[in-house]
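From first to last, the protein sequence lines stand for chains X and R.
Count the first sequence with this note's numbering and you get residues 486 to 795, in order.
Count the second sequence with this note's numbering and you get residues 3 to 239, in order.
Backbone N, C-alpha and C define an ideal beta-carbon position, used for all residues, glycine too.
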Amino acid sequence: MIDKTNGLTNSDFKILDIVASLPNLPKGAFNVRKNGEAAARSVTENIDISNKADGTGIDIRIKAGTVDENVYIPVLLTESGLDETVANDFYVGENAKVTIVAGCGIHNGGSCGSSHNGVHTFKVGKGAVVKYVEKHYGEGTGDRVMNPSTVIVLEEGAVFELEAVQIEGITSANRNTTAYLAKDAKLTISERLVTSEEQNVNSNVDVYLNGDGSKLQVVSRSIAKDNSVQVFHPKAIGNSACFAHIQCDSIIMDKASVSSVPEICANCADAEIIHEAAIGRINNEQLLKLQTLGLTAEEAEKVILEGFLS
Amino acid sequence: MLKINDLSLRVGEDNTEIIKNLELEIKDGEILVLTGPNGGGKSTIAKVVMGIAAPYKGTITLDGQDITALDVTERAKLGIGYAFQAPARFKGITVKKLLTLAAGKEIPDRECCGYLSRVGLCANDYLNRILDGTLSGGELKRIEVASLLIRELKLAMYDEPEAGIDMWSFNMLVNAFKSLGRERSGSLLIISHQERLMQLADRIAVIADGKVKEIGTREKMLPLLTDLFSRECIRTK
Ligand SMILES: Nc1ncnc2c1ncn2[C@@H]1O[C@H](COP(=O)(O)OP(=O)(O)OP(=O)(O)O)[C@@H](O)[C@H]1O
Ligand SMILES: [Mg+2]
Numbered sequence: 486m487i488d489k490t491n492g493l494t495n496s497d498f499k500i501l502d503i504v505a506s507l508p509n510l511p512k513g514a515f516n517v518r519k520n521g522e523a524a525a526r527s528v529t530e531n532i533d534i535s536n537k538a539d540g541t542g543i544d545i546r547i548k549a550g551t552v553d554e555n556v557y558i559p560v561l562l563t564e565s566g567l568d569e570t571v572a573n574d575f576y577v578g579e580n581a582k583v584t585i586v587a588g589c590g591i592h593n594g595g596s597c598g599s600s601h602n603g604v605h606t607f608k609v610g611k612g613a614v615v616k617y618v619e620k621h622y623g624e625g626t627g628d629r630v631m632n633p634s635t636v637i638v639l640e641e642g643a644v645f646e647l648e649a650v651q652i653e654g655i656t657s658a659n660r661n662t663t664a665y666l667a668k669d670a671k672l673t674i675s676e677r678l679v680t681s682e683e684q685n686v687n688s689n690v691d692v693y694l695n696g697d698g699s700k701l702q703v704v705s706r707s708i709a710k711d712n713s714v715q716v717f718h719p720k721a722i723g724n725s726a727c728f729a730h731i732q733c734d735s736i737i738m739d740k741a742s743v744s745s746v747p748e749i750c751a752n753c754a755d756a757e758i759i760h761e762a763a764i765g766r767i768n769n770e771q772l773l774k775l776q777t778l779g780l781t782a783e784e785a786e787k788v789i790l791e792g793f794l795s
Numbered sequence: 003m004l005k006i007n008d009l010s011l012r013v014g015e016d017n018t019e020i021i022k023n024l025e026l027e028i029k030d031g032e033i034l035v036l037t038g039p040n041g042g043g044k045s046t047i048a049k050v051v052m053g054i055a056a057p058y059k060g061t062i063t064l065d066g067q068d069i070t071a072l073d074v075t076e077r078a079k080l081g082i083g084y085a086f087q088a089p090a091r092f093k094g095i096t097v098k099k100l101l102t103l104a105a106g107k108e109i110p111d112r113e114c115c116g117y118l119s120r121v122g123l124c125a126n127d128y129l130n131r132i133l134d135g136t137l138s139g140g141e142l143k144r145i146e147v148a149s150l151l152i153r154e155l156k157l158a159m160y161d162e163p164e165a166g167i168d169m170w171s172f173n174m175l176v177n178a179f180k181s182l183g184r185e186r187s188g189s190l191l192i193i194s195h196q197e198r199l200m201q202l203a204d205r206i207a208v209i210a211d212g213k214v215k216e217i218g219t220r221e222k223m224l225p226l227l228t229d230l231f232s233r234e235c236i237r238t239k
């Protein structure tokens, strides 16, 4: 049930493949947004996608008990000088089990900046299991700015896995993730960031562990090259008998700068919160080992960086 | 044949000379074992041959070609390999990936397993393991050895392959070296303190204080070793 597919070209699909693994339109529910408009949409019996009445974005409603369905909501910006703000709300019914893929790709061939400010709010019902994948990618000559905000509200026993990847080519990004965890809810955040040239990224993660038995695991890995700047500010607030583990690991190269400013806060004697952070160069022993196998220094570096991000 | 000629190496801010006018030859198809006290310079010799450490004086030739100025990669491509005394750990790189890189080509799982079993690793369990802190020291060490066994080399250098390895795996390792020795396809340099590895040697050299203190055939050296080690001049610098 495809409403429209107009306006999606081969080069659009090339970017869609990078950000959402969509070499063509998928089966099931999806909404492809291109340059501020819905270019293609499909819904299923269990997953409904509708425009918000005020035109600010879309509502995605997933029925309780929906099992093993996917929703794709990629965004494309291919015109220079676009500056858009989108608010998408996800309502995931109780005990549903779904994968949501939301990539954003900017191809800016012009000289004006293009920016996408996406606010994604997830209301996840009791016992639901969600995997949310978000990839950001940019290419072209003009500035590419992405400011994703993600708000996650997990009801009792809900499980949410957030996989955020900023592959390359984003000039500037301000990432804000806020989550509220009820009893026995579980949130896993895995973040992969690569910056180069003069790029900068700020990543703020605030997680409120409000219910007993709630769990948070954050694994952030980043590579900063050239003159790029990365700032991480993960914050876990334990208001219950909860467990949180935050791990930030960065490889710094060239003249880049990386700051990791963790904040852990316990308001309950039974909260257990751990933070680990490391920033360092590419390990010289790893480089040497690969060179003794016949790889050049450049090849060895590539293998190490790819492994680090995998 | 690999030849080290009048080679000296300095390290550190105070320029301490840790290899001193070294002369050493490794013949084609030969198994040469380097042994000697801790800190004597054995690993440094292997690293200089591999191109990891740079001498300030002297030359190294491989089959008549002067390789002194070549970098690690170039020497690796000429067929020199080194299994580190303390192998590196990697985040996100699997055992299979390392073995593939070592072989320089895609190799079927079955073949990878073959090399892992030669060092006593129950192969299938390990192929997809990440080479990070989750592997035990002995496991990592044996994977390091396997990453050299899989390569076809003119000169393979193993730095204390026995270190941290259990007795059962050590037996496998001895057999692996035995068959390498029988094939005589390349030369083997084994750095070891283990008598059972010395038993495989054609020649044994005692390295102490950055020099070759004694070198000779296994038959000549083995009886000498007990005596040498008890002598003060060898035990302490
Ligand atoms: N980069 C360095 N800076 C300072 N000293 C060094 C350096 N590398 C090696 N050395 C010193 O050189 C000497 C030889 O080291 P090497 O690692 O070659 O010894 P080894 O014979 O392999 O010892 P072991 O049996 O303990 O492995 C040691 O005293 C060591 O401390
Ligand atoms: Mg050593």
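(message) At a CB distance below 7 Å, what residues from the segment 59-83 of chain R approach chain X? Give them in sequence order.
(response) Val74, Thr75, Ala78, Lys79 and Gly83
(message) Please list, in chain order, the residues of the segment 156-188 of chain R that have any C-beta partner in chain X closer than 8 Å.
(response) none
(request) Give the residues from the segment 762-781 of chain X that approach chain R closer than 8 Å (Cβ to any Cβ), ordered along the chain. (result) Asn768, Glu770, Gln771, Leu773, Lys774, Leu775, Gln776, Thr777, Leu778, Gly779, Leu780 and Thr781
(message) Looking at the secondary structure, which residues open and close the beta strand (DSSP E) in which Glu164 of chain R lies?
(response) Numbered from its first residue, the second sequence carries residue 164 of chain R at position 162. Unbroken run through Glu164 of chain R: none, as it is neither H nor E.
(request) Closer than 9 Å by beta-carbon distance: list the chain X residues that pair up with Met200 of chain R, in chain order. (result) Here residue 200 of chain R refers to the residue found at position 198 when the second sequence is read from its first residue. Within chain X, no residue comes near Met200 of chain R; the closest Cβ sits about 25 Å away, beyond 9 Å.
(message) Quick check on the contact list: which residues have their beta carbon closer than 7 Å to a heavy atom of ligand 2?
(response) R:Lys44, R:Ser45, R:Gln87, R:Asp161, R:Glu162 and R:Ile193
(request) Count the other C-beta atoms from every protein chain shown that fall within 10 angstroms of the C-beta of Ile487 of chain X, then say buried if there are 16 or more, exposed otherwise. (result) As a working mapping, residue 487 of chain X is identified with position 2 in the first sequence. For Ile487 of chain X, the predicted structure reports a pLDDT of 44, less than 50, and the residue's modelled location is therefore unreliable. A value from the coordinates is still provided. It counts as exposed.
(message) According to DSSP, is Arg766 of chain X part of a helix, a strand, or is it coil?
(response) Within the first sequence, residue 766 of chain X is the residue found at index 281, counting from 1. Of the three classes helix, strand and coil, the one that applies to Arg766 of chain X here is coil, per DSSP.
(request) Please report how far the alpha carbon of Lys239 of chain R lies from the alpha carbon of Glu646 of chain X, in whole angstroms. (result) Translated into positions along the second sequence, residue 239 of chain R becomes position 237. Translated into positions along the first sequence, residue 646 of chain X becomes position 161. Low local confidence applies: a pLDDT of 45 at Lys239 of chain R is under 50, so the model's placement there is unreliable, with the coordinate-based value given in what follows. The straight-line gap from Cα to Cα measures roughly 59 Å.
(request) Anything in chain R within Cβ reach of Phe793 of chain X, meaning under 8 Å, just list it in chain order. (result) To locate residue 793 of chain X, count along the first sequence from 1; it is residue 308. Residues of chain R passing the Cβ test: Lys93 and Gly94.
(request) Could you check if Gly135 of chain R is buried or exposed, using at least 16 other CB atoms within 10 Å of its CB as the buried criterion? (result) By 1-based counting over the second sequence, the position of residue 135 of chain R is 133. Exposed, because fewer than 16 other Cβ atoms sit within 10 Å of the Cβ of Gly135 of chain R.
(message) Under 8 Å, with one C-beta from each stretch per pair, do the segment 522-539 of chain X and the segment 664-684 of chain X reach the 3-pair mark?
(response) no
(request) With a 10 Å radius around its C-beta and 16 neighbouring C-beta atoms as the bar for buried, classify Thr570 of chain X as buried or exposed. (result) Taking the first sequence and counting its residues from 1, one reaches residue 570 of chain X at position 85. With fewer than 16 Cβ atoms within 10 Å of its Cβ, Thr570 of chain X is classed as exposed.
(message) Whole angstroms are fine: how far does the CA of Ile6 of chain R sit from the CA of His592 of chain X?
(response) Taking the first sequence and counting its residues from 1, the one referred to as residue 592 of chain X is at position 107. Taking the second sequence and counting its residues from 1, the one referred to as residue 6 of chain R is at position 4. Distance between the alpha carbons of His592 of chain X and Ile6 of chain R is about 57 Å.
(message) Quick check: the Cα distance between Gly627 of chain X and Ser688 of chain X, rounded to an integer number of angstroms?
(response) Position 142 of the first sequence, counting from 1, holds the residue named residue 627 of chain X. Position 203 of the first sequence, counting from 1, holds the residue named residue 688 of chain X. So the alpha carbons of these two residues sit roughly 22 Å apart.
(message) Under 8 Å, Cβ to Cβ, is there at least one residue of chain R near Val788 of chain X?
(response) In the first sequence, the residue the question calls residue 788 of chain X occupies position 303. Chain R contact via Cβ: present.
(message) Classify Cys114 of chain R: buried if its beta carbon has 16 or more other beta carbons within 10 angstroms, exposed otherwise.
(response) The count along the second sequence starts at 1 and reaches residue 114 of chain R at position 112. Its Cβ being crowded by 16 or more others within 10 Å, Cys114 of chain R is buried.
(request) Determine the DSSP secondary structure at Cys753 of chain X, reduced to helix, strand or coil. (result) Taking the first residue of the first sequence as 1, we reach residue 753 of chain X at position 268. Three-state result, Cys753 of chain X: coil.
(message) Considering just the uninterrupted stretch of the alpha helix (DSSP H) at Gly94 of chain R, what are its terminal residues?
(response) Walking along the second sequence from the start, residue 94 of chain R turns up at place 92. Per DSSP, Gly94 of chain R belongs to no alpha helix (DSSP H) and is neither H nor E.
(request) Could you tell me whether the Cβ atoms of Ala210 of chain R and Gly42 of chain R are closer together than 8 Å? (result) Here residue 210 of chain R refers to the residue found at position 208 of the second sequence. Here residue 42 of chain R refers to the residue found at position 40 of the second sequence. A contact, by the Cβ cut-off of 8 Å.
(message) Between Asn40 of chain R and ligand 1, is there a pair consisting of the residue's CB and a ligand heavy atom that are separated by less than 7 Å?
(response) Within the second sequence, the letter at position 38 stands for residue 40 of chain R. Yes, the Cβ of Asn40 of chain R comes within 7 Å of a heavy atom of ligand 1.
(request) Note down, in chain order, every chain X residue with its Cβ under 7 Å from the Cβ of Ala90 of chain R. (result) The sequence position of residue 90 of chain R within the second sequence is 88, counting from 1. Residues of chain X passing the Cβ test: Asn768, Glu770, Gln771 and Lys774.
(request) Please check if any C-beta of chain X sits within less than 8 Å of the C-beta of Lys239 of chain R. (result) As a working note, residue 239 of chain R is residue 237 in the second sequence. Since pLDDT at Lys239 of chain R reaches only 45, below the 50 mark, its modelled position is unreliable, and no value is offered.
(request) Identify which residue in X:His760, X:Met738 and X:Lys740 has its Cα closest to the Cα of Val746 of chain X. (result) Translated into the one-based positions of the first sequence, residue 746 of chain X becomes position 261. Ranking the options by Cα distance to Val746 of chain X, first place goes to X:His760.
(request) Output the distance between the C-alpha atoms of Phe515 of chain X and Val636 of chain X, rounded to the nearest integer angstrom. (result) The count along the first sequence starts at 1 and reaches residue 515 of chain X at position 30. The count along the first sequence starts at 1 and reaches residue 636 of chain X at position 151. About 21 Å.
(request) Using a Cβ-Cβ cut-off of 8 Å, state whether Gly140 of chain R counts as contacting chain X. (result) Working through the second sequence from its first residue, we reach residue 140 of chain R at position 138. Chain X, which has no Cβ nearer than 8 Å to the Cβ of Gly140 of chain R, makes this no.
(message) Quick check: is any heavy atom of ligand 1 less than 7 Å from the C-beta of Gly14 of chain R?
(response) Counted from its first residue, the second sequence places residue 14 of chain R at position 12. For ligand 1, at least one heavy atom lies less than 7 Å from the Cβ of Gly14 of chain R.
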